[in-house]
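These notes concern the structure reproduced below.
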Amino acid sequence: MRTVNLFKSLLGYLAFERCRADVSWTTLGCDSVNINGASVDALWDSAVAMASNAQSTIDTLVNARGIVPRSTNSRAANAAKYMWGLKFPFSKLAGLDNAAKDTLRQVSSVYARAEGLMRQNSGFLFCSGNSLTWGVVADYLNGAWYATIPGTDDVLVLLFTAGGPHGEASRPCTDGETMGRTFKGRYISSNGQVPDELLVGILFCSNQFGSDWKGALTLGYPTEGKDPDPNHYKSAAGTILHEMIHAVDMNTYLDHTSPHFAEGQVAYGFNRCYYLALSEPKRALMNADNYRVFAEMCMSPATTWGAPRLLNAGE
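The sequence shown begins at 1 in UniProt numbering and counts up one residue at a time.
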């Protein structure tokens, strides 16, 4: 997906709501976000750091001359095995084979593209659905959810809502389950100075994160107990990164499922992502949550993570 250039020409006169310094995207409804003590700026910074650190971790693995047991490299290699289906021997004398290196380079390139999107004003970030309005807008005669851009009469229409369930009951980020959603939006200028254009947007459902979620993760964050479960360290910052992976290419990086999973379940979380990597490694490379989980694991390089649980059919 290309980076949108529209904002570069508009920023001089459109009074967009912006977070203080760290979020480069145009934000709506994000000023009061606080997840486990982290503002949206802190969450965004943490997501950028995750993408950057994942690339550094991969670079170290690709160039390692050996994978020594109980070393930092071995812990990172295990994370890569779990999330990307790599096979490798523990050895002081041999690093990863060429196939594993090629896989990791492909993964690293996706993180690099996501990081690039986060460092530019590439789209809109909505924190909850409170800034959205339902109604007839432009030629959407059956209604759609849209946002009015502050300081203008321009609107951004959330295309996935057009023609869907009507009214307040369908307000995004109120189902109690969705943490985020990446979408295409149609930017409609009220005065014709800006041509209609399809833009990328992210719904970050900050109002739906419970106490079982971390906020921002710092490099070297501590974990508790022996062989901790990565699912206990899922983070709001990781969710932003997950959505940014979708934004890299919304036709490629999806939420994949498997016939092994229960009906309606997709590869979210450590165990399902592992199963996808084990059974269909090529699809794991296109599953957004594999990127989130791997990045979160790599942010705690001293942690020896517990092994994933192999799911029973129908879980």
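Positions of the beta carbon are idealized from the N, C-alpha and C atoms, including for glycine. All values reported here derive from a predicted model rather than from experimental measurement.
{"Query": "Can you tell me whether DSSP reads residue 40 as helix, strand or coil?", "Result": "helix"}
{"Query": "Between residue 283 and the rest of its own chain, which residues show a CB-CB distance below 7 angstroms, the 5 nearest in sequence each way excluded?", "Result": "256, 276"}
{"Query": "Specify, as a first and last residue, the run of the alpha helix (DSSP H) that residue 144 falls within.", "Result": "Premise fails: residue 144 lies in the beta strand (DSSP E), 140 to 148, not in any alpha helix (DSSP H)."}
{"Query": "Within its chain, find whatever has a CB closer than 6 angstroms to the CB of residue 21; leave out the 5 residues flanking it on each side and keep chain order.", "Result": "Confidence in residue 21 is poor, its pLDDT being 45 and thus under 50, which makes the residue's placement too unreliable to answer from."}
{"Query": "Between 41, 109, 225, which has its C-alpha nearest residue 52's C-alpha?", "Result": "109"}
{"Query": "How big is the Cα-Cα spacing for residue 106 and residue 84?", "Result": "11 angstroms"}
{"Query": "Rounded C-beta distance between residue 35 and residue 43? I'm assuming under 8 angstroms.", "Result": "7 angstroms"}
{"Query": "Looking at the secondary structure, which residues open and close the beta strand (DSSP E) in which residue 205 lies?", "Result": "Where residue 205 is concerned, there is no enclosing beta strand (DSSP E), given that its DSSP letter is neither H nor E."}
{"Query": "Round the Cβ separation of residue 296 and residue 234 to the nearest angstrom and send it over; I've been treating them as touching at under 8 angstroms.", "Result": "7 angstroms"}
{"Query": "Under 8 angstroms Cβ to Cβ from residue 124, same chain only, skipping five residues before and after it: list those, please.", "Result": "25, 26, 27, 28, 147, 156, 185, 199, 200, 201, 202"}
{"Query": "For residue 111, collect the residues of the same chain with a Cβ closer than 6 angstroms to its Cβ; drop the 5 residues on either side in sequence, then sort them by chain order.", "Result": "51, 54, 55"}
{"Query": "Please classify residue 250 as buried or exposed, where buried requires at least 16 other C-beta atoms within 10 Å of its C-beta.", "Result": "exposed"}
{"Query": "What residues in its chain sit with their C-beta under 7 angstroms from that of residue 15, if we drop five residues either side in the sequence?", "Result": "With a pLDDT of 31 at residue 15, under the threshold of 50, the modelled position of this residue cannot be trusted; read the value that follows with caution. 150, 151."}
{"Query": "Check whether the Cβ atoms of residue 231 and residue 269 lie closer than 9 angstroms to each other.", "Result": "yes"}
{"Query": "How is residue 116 classed by DSSP in three states: helix, strand or coil?", "Result": "helix"}
{"Query": "Could you compute how far the alpha carbon of residue 258 sits from the alpha carbon of residue 243?", "Result": "20 angstroms"}
{"Query": "Output the boundary residues of the beta strand (DSSP E) element that contains residue 134.", "Result": "133 to 137"}
{"Query": "Can you say whether residue 164 is buried or exposed, counting buried as having 16 or more other CB atoms within 10 angstroms of its CB?", "Result": "exposed"}
{"Query": "Should residue 316 be labelled buried (16 or more other beta-carbon atoms within 10 Å of its own) or exposed?", "Result": "Any property of residue 316 remains undetermined from this structure, which presents the chain solely from 1 to 315."}
{"Query": "What would DSSP say about residue 81, mapped onto helix, strand or coil?", "Result": "helix"}
{"Query": "Take residue 39 and list the residues in its own chain whose beta-carbon comes closer than 7 angstroms to its own, dropping the five residues that flank it on each side.", "Result": "33"}
{"Query": "Among the candidates 254, 68, 128, 158, whose CA atom is the shortest distance from the CA of residue 236?", "Result": "128"}
{"Query": "Relative to the alpha-carbon of residue 170, which residue among 145, 215, 192, 122 has its alpha-carbon at the smallest distance?", "Result": "145"}
{"Query": "Looking only at its chain, what residues have a beta carbon closer than 6 angstroms to the beta carbon of residue 301, apart from the 5 residues adjacent to it on each side?", "Result": "72"}
{"Query": "Among the residues of its own chain, which have a CB less than 7 angstroms from the CB of residue 298, if the five just before and after it don't count?", "Result": "53, 54, 57, 76, 79"}
{"Query": "Less than 9 angstroms between the C-beta atoms of residue 308 and residue 274, yes or no?", "Result": "yes"}
{"Query": "Apart from the five residues on each side of it in sequence, which residues of its chain come closer than 7 angstroms, Cβ to Cβ, to residue 281?", "Result": "84, 85"}
{"Query": "When the Cα of residue 102 is compared with those of 59, 289, 45, 224, which residue comes out closest?", "Result": "59"}
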